[in-house]
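These notes are about the structure you will find just below.
Numbering (my numbering), first residue to last: 3 to 709.
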C-alpha cells in the first residue's frame with residue numbers, strides 16, 4: 003500500500019517502483035494506491051489472506067487493521083521509491099502485526115523504518131501536529147466568524163461601550179453556536195494529534211485531555227492551558243496509548259483492548275496526571291504572575307504595555323493570554339482602564355498580522371492557509387485572537403515570536419499614550435463602539451503591531467524555507483552517488499542531455515519554423531537551434547512551400563493532446579527552480595491557454611512551498627490549479643546541468659514536466675495526468691530514451707508512449 007500526504011505523484015511512483023522490483027526478483031505483487039481520488043487497485047480479503055507480507059510505504063495514517071496476522075513493514079513513501087528491492091527482502095522477516103490499531107506514524111512505524119537515515123521521530127511529531135491543526139481549522143473559522151457576525155449584527159451598544167446580545171434572540175443563538183465551535187477547537191486539536199500517533203484508541207483520551215487542559219476550573223486555575231496545553235495532552239495521549247499497546251495481555255482480553263481497555267486506562271491516567279501533576283503548577287504559576295503584574299502598575303507604562311502585549315500574543319487565549327487579560331479586566335472596576343487599553347491594542351494584532359502575512363507573500367502559504375488568513379483578518383477586527391492559532395500551531399517557531407513582537411509593540415505604544423478601554427474586550431470593534439479613549443493612537447498601535455507581526459512572520463517563514471533548501475542541497479549532493487544506477491536514474495546522463503537540442507530556447511526570437519526545413523535529413527537531427535525540429539514535430543503546421551517533410555504526420559497525441567511540440571523545450575535555460583518554473587510557464591503561454599503567466603508562476607511556487615514536486619530519479623513535476631489557464635496544458639523540458647528541486651533521493655531534476663489546469667478541471671483529470679506521468683517515468687528505459695531523444699519530434703514520439 004502506498005500513500006503520500008498529497009496523494010498524487012509519490013503515491014504512484016512508489017507503487018510503480020515496488021511493482022518493478024518485485025517482478026525483477028520473481029515475486030507476485032499487488033499494490034493498493036491511496037491517492038487524492040481515493041483507493042485504487044484495492045487489496046481484497048483474498049489478496050491479504052494469500053500475501054506472504056505487507057509493505058506500507060506511506061507518509062500519512064492508513065488503516066492497518068485488515069493486516070492482522072501478516073508480516074507488516076511500515077516505512078515512508080520515499081523508501082518505496084528509493085529502496086523497493088530492499089523493502090521486499092525486509093518484509094520477509096518483518097514482525098507479525100497483532101491487529102492492534104496504529105497509524106503509519108506510530109512508534110511501530112518509526113521502528114520499522116529505523117536505520118534509513120534518521121529524522122523519523124521528528125517527522126512523526128510534525129505529521130501528528132499537522133493532523134491536529136487540519137482538523138482544528140474549521141472549528142476556529144466557524145466559531146470565530148459566527149461570534150463576530152452575531153456581535154456585529156445582533157449586539158446592542160451599552161453605556162459603558164460594551165456589546166450585549168439579548169438573551170433568547172436569534173443572534174444570541176448564533177453566538178452560542180459559535181461559542182460551541184470555539185469550545186470544541188482545543189479538544190479537537192488534542193484529539194487528532196493523539197489519533198495520528200496512536201490511531202483510534204488514542205482519540206478519546208486525546209480529546210478529553212484537551213478539554214481538561216482548556217478547563218482551568220478542574221485544576222484550580224482561572225485560565226485553562228489553551229492550545230499549548232492541547233498540544234501537550236495530544237502528544238501525551240498518543241504516546242501513552244502506543245506504550246499501553248506494547249503491554250502483553252491474556253488472549254481473551256486482546257479483542258477489547260482497543261475499544262474499552264486502552265481508552266479507559268489512557269483517559270483516566272492522562273486526566274488525573276494533568277489535574278494533579280501538571281495542572282496545579284500551572285495554576286500556581288499564573289496566580290503569582292497575576293500578582294507580579296499587579297505590582298507593576300505604578301512602574302513604566304511602556305514596559306508594562308510591552309509585557310502585557312507579549313503575554314497576550316504568546317498563546318492567544320491560553321493561560322498566559324488569559325492572565326494578562328484577566329489582570330486588565332480586573333482593574334477596570336477599580337477605575338484603572340489604561341491596563342485594559344494596552345491589552346485591547348494587543349489582542350487583534352495576531353490574527354490581523356497573520357492574515358496580512360498571507361496577503362503579502364502568498365506563495366509561502368497553501369490555498370487553505372490563505373483562506374484561513376482571510377478569516378483571521380475578519381476575526382481580528384472583532385478582537386478574536388484565536389484566529390491566529392492555526393498559524394501558530396503549524397509554524398510555532400516562526401509565528402509565536404512574530405506574534406509576540408507585534409503584540410509588545412502594540413501594547414507599548416498604547417501604554418505610552420495612555421490609551422484606555424472601559425470594557426473587557428479588544429480589537430477595533432471596541433473603539434468603533436466608543437469604549438476606547440485615545441482612539442487615534444489605539445488604531446496606530448494596532449496597525450503598527452499587525453504590520454510588525456506580518457513582516458516578521460514573512461521573514462522568519464522565508465528564512466526557514468531557505469534553510470530547508472540549503473540543508474537539502476548538500477544532503478542531496480552527498481546522496482546522489484548512492485542512487486541505484488541500474489534503475490536508470492542517470493541513463494541519459496549529462497552527456498545524453500548535452501547532446502539534446504533546444505527546441506524552444508531560441509524559438510522565442512524566431513517565432514516561425516525555419517523557412518527551409520526540407521533540406522534537413524531527419525526531424526530534429528542536429529538542429530542546434532531547434533526551430534526546425536519544432537516545426538516538423540507539430541503536425542498541425544505544414545511548411546510554407548508546401549513540400550512534404552520526412553517526419554511523422556500527424557504528430558502523435560500525448561496526454562489527450564495537452565502536451566504538443568509547442569510545449570516541449572529540449573534545453574532548459576534556467577539553473578534554479580523558481581526560474582525554471584517561470585520559463586516553463588512562459589512556454590505554456592505560447593499555446594494561448596495561459597491568460598496570466600505571473601499568476602501561474604505564483605500558484606506553482608505556492609505548491610512547491612507545501613512540499614517539493616521533485617520526485618527523484620532526476621524528475622520533477624511542478625503543477626498548478628488556477629484559472630490563469632483556460633484549458634489543461636502540459637509542458638516538458640530537459641536540463642543538461644540539472645536543477646536543484648529538493649528531490650527525496652537528492653538528484654537534480656533533468657526531466658521536468660509542468661502541468662497547469664484550470665480550477666474547473668482540477669479534479670480527476672489533473673490527477674489522471676499526474677498518475678500517468680508518475681507511473682511511466684518509473685521505467686528506466688523510457689527515461690533513458692527521453693534523455694537521448696534528439697529534437698522535438700523525437701522527444702514527442704517517446705512521450706507518445708505515455709498511456
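Where a beta carbon is used, it is the ideal one built from N, C-alpha and C, also for glycine.
Selected residue, minimal CA-CA separation from residue 80, among 608, 60, 98: For the purposes of this step, residue 80 is taken as residue 78 along the chain shown, with counting starting at 1. Residue 60 is the option with its Cα nearest to residue 80.
Collapsed DSSP secondary structure at residue 330 in the structure displayed: Reading the chain shown from its first residue, position 328 is the one you call residue 330. If DSSP states are grouped into helix, strand and coil, residue 330 belongs with the helices.
Beta bridge counterpart(s) of residue 57 as assigned by DSSP: If you number the chain shown from 1, residue 57 lands on position 55. 75, per the DSSP bridge assignment.
Where residue 85 falls: helix, strand or coil (DSSP): Counted from its first residue, the chain shown places residue 85 at position 83. Residue 85: coil per DSSP, three-state reduction.
Limits of the beta strand (DSSP E) - the one that residue 627 falls within: Stepping through the chain shown from its first residue, residue 627 is reached at position 625. Start and end: 625-627.
Helix, strand or coil at residue 307 according to DSSP, with G and I counted as helix: Counting from one through the chain shown, the residue named residue 307 turns up at place 305. DSSP places residue 307 in helix when its eight states are reduced to three.
Length-filtered (3 minimum) beta strand (DSSP E) runs lying within the stretch 609-644: 616-618, 625-627
Any 3 or more C-beta pairs closer than 8 angstroms across the stretch 338-357 and the stretch 396-415: In short, these stretches touch, since the Cβ pair count reaches three.
Sub-9 angstroms separation of residue 316 and residue 322 beta-carbons: The sequence position of residue 316 within the chain shown is 314, counting from 1. The sequence position of residue 322 within the chain shown is 320, counting from 1. Contact flag set, yes.
Between the CA atoms of residue 57 and residue 77 - distance to the nearest angstrom: On the chain shown, residue 77 is found 75 positions in, with the first residue counted as 1. On the chain shown, residue 57 is found 55 positions in, with the first residue counted as 1. Using only the alpha carbons, I get a separation of about 8 angstroms.
Inter-residue spacing [alpha-carbon to alpha-carbon] between residue 306 and residue 312: As a working mapping, residue 306 is identified with position 304 in the chain shown. As a working mapping, residue 312 is identified with position 310 in the chain shown. Going by the C-alpha atoms only, they are around 10 angstroms apart.
Reference residue 73, options 82, 581, 84, 95, closest by Cα: As a working mapping, residue 73 is identified with position 71 in the chain shown. That would be 95, whose Cα lies nearest to the Cα of residue 73.
DSSP beta-bridge partners of residue 36: Start at 1 with the first residue of the chain shown, and residue 36 comes out as number 34. Paired residue(s): 41.
Residue 658 - containing beta strand (DSSP E), residue span: Position 656 of the chain shown, counting from 1, holds the residue named residue 658. Taken as a continuous stretch (DSSP letters only), the beta strand (DSSP E) holding residue 658 covers 655-663.
Closest by C-alpha distance to residue 379, when choosing among 201, 587, 448, 591: Residue mapping note: residue 379 aligns to position 377 of the chain shown, counting from 1. Nearest C-alpha to residue 379: 448.
Cβ shell of residue 607 (< 8 angstroms), same chain only, five flanking positions each side left out: To locate residue 607, count along the chain shown from 1; it is residue 605. The answer, listed in chain order, is 365, 580, 583.
Continuous alpha helix (DSSP H) assignments of at least 4 residues falling wholly in the stretch 143-205: 172-200
Residue 389 vs residue 144 beta-carbon contact at 9 angstroms: Here the question's residue 389 lines up with position 387 in the chain shown. Here the question's residue 144 lines up with position 142 in the chain shown. No, they are not a contact pair.
contact_flag[the stretch 563-571, the stretch 622-639] where n(CB pairs < 8 angstroms) is 3 or more: yes
Whole-angstrom distance between residue 304 and residue 440, CA atom to CA atom: Taking the chain shown and counting its residues from 1, the one referred to as residue 440 is at position 438. Taking the chain shown and counting its residues from 1, the one referred to as residue 304 is at position 302. Spanning the two alpha carbons is a distance of roughly 16 angstroms.
Status (buried if at least 16 other CB within 10 Å, exposed otherwise) for residue 14: As a first step, residue 14 must be located in the chain shown, where it is residue number 12. Buried, since its Cβ has 16 or more Cβ neighbours within 10 Å.
The stretch 147-155 / the stretch 173-184 touching (three or more Cβ pairs under 8 angstroms): For the pair of segments examined, the stretch 147-155 was found to touch the stretch 173-184: the number of CB pairs separated by less than 8 angstroms reaches three.
Which of helix, strand or coil DSSP assigns to residue 314: Within the chain shown, the letter at position 312 stands for residue 314. Reduced to three states, the DSSP call for residue 314 is helix.
Rounded C-alpha distance that separates residue 619 from residue 203: Translated into positions along the chain shown, residue 619 becomes position 617. Translated into positions along the chain shown, residue 203 becomes position 201. Answer to the nearest angstrom: the Cα atoms are 39 angstroms apart.
For residue 55 and residue 93, believed in contact at Cβ under 8 angstroms, the rounded distance: Here residue 93 is taken as the residue at index 91 of the chain shown, counted from 1. Here residue 55 is taken as the residue at index 53 of the chain shown, counted from 1. Residue 93 to residue 55, Cβ: 4 angstroms. Contact.
Top-ranked residue by Cα proximity to residue 397, from 691, 157, 461: Here residue 397 refers to the residue found at position 395 when the chain shown is read from its first residue. When 691, 157, 461 are compared, the shortest CA-CA separation from residue 397 is found for 461.
Residues that residue 439 bridges to, as DSSP identifies them: Within the chain shown, the letter at position 437 stands for residue 439. DSSP, once it has assigned bridges, lists 422 as partnering residue 439.
Touch test, the stretch 267-275 against the stretch 235-250, Cβ-Cβ under 8 angstroms, three pairs minimum: yes
7 angstroms CB neighbourhood of residue 593 in its chain, flanking five on each side removed: Here residue 593 refers to the residue found at position 591 of the chain shown. Taken in chain order, the residues that qualify are 568, 569, 635.
Nonlocal neighbours in the same chain, by C-beta distance under 6 angstroms from residue 84, ignoring five residues either side: Translated into the one-based positions of the chain shown, residue 84 becomes position 82. Excluding positions up to five away in sequence, the list reads 651.
Beta-carbon proximity of residue 459 to residue 400, cut-off 9 angstroms: Taking the chain shown and counting its residues from 1, one reaches residue 459 at position 457. Taking the chain shown and counting its residues from 1, one reaches residue 400 at position 398. Going by C-beta atoms, residue 459 is nearer than 9 angstroms to residue 400.
Cβ distance (whole Å) where residue 347 is taken to contact residue 444 below 8 angstroms: Locating residue 347 in the chain shown gives position 345, counting from the first residue. Locating residue 444 in the chain shown gives position 442, counting from the first residue. Yes, they are in contact, since the Cβ atoms of residue 347 and residue 444 sit about 6 angstroms apart, within 8 angstroms.
Distance cut-off 8 angstroms: residue 456 Cβ against heavy atoms of the ligand SAH: What this structure holds is no ligand at all, so the ligand SAH is not there to describe.
Cβ shell of residue 189 (< 6 angstroms), same chain only, five flanking positions each side left out: If you number the chain shown from 1, residue 189 lands on position 187. Excluding sequence neighbours, residue 189 sits near 209, 212, 213.
Endpoints, alpha helix (DSSP H) assigned at residue 262: Your numbering for residue 262 matches position 260 in the chain shown. Counting along the chain, residue 262 falls outside any alpha helix (DSSP H), and DSSP gives it neither H nor E.
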